[in-house]
Each structure stands twice: as C-alpha cells, then as structure tokens.
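Structure, as structure tokens:
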Amino acid sequence: MVSMWKVDQILQLFAPFDCLGCGLEGSLLCKVCQYNCVPPLSGVCYVCRNATLGVVCTTCLASKNLTTVDVATAYSGLAVQLIGRLKFSRTQAAAHIAALIMDRRLSSSLAGVVVHVPTATARVRQRGYDQAQLIAREFARARTLPYQPLLRRLGKTRQVGANRQERLKQLQNAYYCPWPHRVQGKSILLVDDVLTTGATIETAAQVLIKAGAAEVRAVTFAQKA
Ligand SMILES: [Zn+2]
Ligand SMILES: [Zn+2]
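Throughout, the numbering used here is defined as the position within the sequence shown, counted from one, plus 2.
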C-alpha cells in the first residue's frame, strides 16, 4: 500500500507551481513577474561601497583575479523568495528561473567555460543537490556554452556569522582544481547564486587563475545589498 506521505510527494511532483509574485498557476515565477518584480541593482561597489556603474568599481576589480563581475538582480523581494525555495524547499525549478533571468539580464558577450562555485558539501548532502551547480548548468544551457564542474571543495567551512576577513581566512584553500589541463588558457565564466562579500567568488577565481585560466569572469544571480 502506498502511504499518504508518498502520495503527497508524488502529487507535489506533478502539481503546477503558483507564481511567487502574483499567484498565477503554472510557473514558480511567471514571465510578467520575472520581468517586473525583480528590482534593479543599487549601483554600489560590493568591495569599497562607493557608487559605481556596475557591481564592482574598476579600482577594486584591478586587485582581484576577476575580469568582470556581473549580477542579474538585487537580492531582495522575489529574488530572495526564489533562492529560498531553491535552498530550503528543494524546489529545483527555481534554478531554471534564476538562470532565465540571468540569461535575459546579463551581457550577451559573456563567453567561456561555465564553472560553478561548489557549495559546502554538508549543505549539498542535506539538500541532495548543489544549487550553484544547478544554476550554472541551466545558464550554460540557455547560452549554449560548455559547462564543466572544474572546482572541488575541501573539507568543512562555516560562513554563518563570519565577517569578510574571517570568511577570506576560512576560504583560503577551500577550493581546488583537480584538472588544471582543462583550465589552462581557457576563459572561465564562474557562476554562483548570491554575491555577498565577494570572498567566495574571489577565492574560487584565484584557484582557477593559479591553475592557468586565461581569465575569469564572475556571474551571479543576485547580490546582497
Ligand atoms: Zn507572477
Ligand atoms: Zn570599489
């Protein structure tokens, strides 16, 4: 006999989503809400907090191993809800929608091998998937770019409550590239879900540059204010 729990699970699998923005049945975030309800960026450099045209000013960018940093949306409102569903409700469809918004908002000139920033292994085990990997794969598919999981994560790092400096320290050597020959001379598009202090993506970029990448451009779905 099939338990009620199982029936619930199966029904959930086939039930159409209601839009997080307007409640319309059929998609986790309908097309209208994808266009209209995701607020624009604040225009503040994530490193020095000065006003800038992009998410990072040229002065700060020069000190990183990153050629550009692009973000699709501010981390507020519907973007928070979407990432929340992906992280805490096992709603993998949210990765597809995040990637669609990235595809629409980010420069069409962004090219290279798409690589995701690996999420902490404990979280991946808990969720059953790596949300950054799902977004990276979907983004690569949307742009018909190659996707390769070229970064691995070492051991346990906890980021909760840590400030920028502590995070940088924790993250040192947290990533490694087991296949430097696949990275050498390549342009990499490094994908993560949310840009906060930038420490994560900067450390990951450093590993790829050390492995021989020609350049690393970072793209994230959202940016925390
Ligand atoms: Zn809607
Ligand atoms: Zn700056």
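Glycine included, every Cβ here is placed at the ideal spot set by N, Cα and C.
All figures in this text were calculated on a predicted structure; none of them were measured in a lab.
Query, Result
"Heavy atom of ligand 2 within 7 Å of valine 49 beta-carbon", "yes"
"Sub-8 Å separation of aspartate 194 and valine 119 beta-carbons", "yes"
"Endpoints, the alpha helix (DSSP H) within which phenylalanine 223 is located", "Looking at the DSSP string, phenylalanine 223 is not in any alpha helix (DSSP H); the run it does join, the beta strand (DSSP E), is 217–225."
"Per-residue DSSP class, three states only, for tyrosine 149", "strand"
"DSSP-derived helix/strand/coil call for tyrosine 77", "coil"
"Ligand 1 heavy atom lying under 7 Å from the CB of leucine 2", "This structure cannot settle anything about residue 2, because the visible part of the chain is limited to 3 through 227."
"For alanine 213, three-class secondary structure by DSSP", "coil"
"Beta-carbon gap between leucine 102 and alanine 144 smaller than 8 Å", "yes"
"Three-state secondary structure assigned by DSSP to tyrosine 37", "helix"
"Contact the segment 178–191 vs the segment 215–225: 3+ CB pairs below 8 Å", "yes"
"Buried versus exposed, by CB contacts within 10 Å (16 or more), isoleucine 224", "Note that residue 224 is alanine in the sequence shown, not isoleucine. With 16 or more Cβ atoms within 10 Å of its Cβ, alanine 224 is classed as buried."
"N- and C-terminal bounds of the alpha helix (DSSP H) containing leucine 63", "60–63"
"Neighbourhood of leucine 153 by C-beta distance below 8 Å, restricted to the same chain and skipping five residues each side", "Val117, His118, Val119, Pro120, Tyr177, Tyr178, Cys179, Ala206, Val209, Leu210"
"Per DSSP, cross-strand counterpart(s) of isoleucine 190", "Val115, Val218"
"Element boundaries [alpha helix (DSSP H), containing glutamine 128]", "123–129"
"Between the CA atoms of threonine 123 and proline 182 - distance to the nearest angstrom", "22 Å"
"Close Cβ partners of valine 185 (< 7 Å) along its chain, the five nearest in sequence each way excluded", "Leu152, Cys179, Leu210, Ala213, Gly214, Ala215"
"Valine 58: CB within 7 Å of a non-hydrogen atom of ligand 2", "yes"
"Pairwise C-alpha distance: glutamine 167 and cysteine 59", "20 Å"
"Strand pairing of valine 196, partner residues [DSSP]", "Ala224"
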